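Here's the structure we're looking at; comments come further down.
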Amino acid sequence: LLTGDAFYTSVVEHQKAAEEEAAALETCRQERDEQVNLMKIWKEDDMKRLERNEACRKAYKEELTQWEAERAKAKVEKRCPMWIKPKLGKLEAPLPKP
0 LLTGDAFYTS VVEHQKAAEE EAAALETCRQ ERDEQVNLMK IWKEDDMKRL ERNEACRKAY
60 KEELTQWEAE RAKAKVEKRC PMWIKPKLGK LEAPLPKP
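Numbering (the working numbering), first residue to last: 0 to 97.
Written as structure tokens, this is what we have:
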């Protein structure tokens with residue numbers, strides 16, 4: 000009974016299916032590792048972008064406080080401010096995630 004052709008072919012098919020499943024798991028694991036590495040790189044780049052945007056915001060706030068002081072001085076002296084209100088400008092947009 001254990002030496003029959005039908006049993007032997009079913010065992011061979013089962014072994015082949017197990018090997019294919021193991022190969023599929025390995026490729027999935029490799030793809031996941033690649034995705035993790037890409038996300039690490041993306042996060043580093045995104046943190047750098049956020050720091051650059053924060054530096055722009057900080058410079059804008061400094062200019063704004065100077066402008067507000069000049070505007071208050073101009074109000075007291077009953078004249079127009081010498082320069083226009085500064086604008087923040089366009090910040091860097093985030094890169095798409097991998």
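From the three backbone atoms N, C-alpha and C, an ideal C-beta is built for every residue, glycine too.
Predicted, not measured: the structure shown is a model, and the values here were computed from it.
Asked, Found
"Is the beta carbon of residue 91 sitting closer than 8 Å to the one on residue 80?", "no"
"Taking 7 Å as the limit between beta carbons, can you name the residues of its chain near residue 96, skipping five residues before and five after?", "41"
"Can you tell me whether DSSP reads residue 90 as helix, strand or coil?", "coil"
"Is it true that the stretch 81-89 meets the stretch 50-63, where meeting means three or more beta-carbon pairs spaced less than 8 Å apart?", "yes"
"Please report how far the alpha carbon of residue 28 lies from the alpha carbon of residue 19, in whole angstroms.", "14 Å"
"From residue 6 to residue 16, what distance separates their C-alpha atoms?", "15 Å"
"Put residue 27 into one of helix, strand or coil per three-state DSSP.", "helix"
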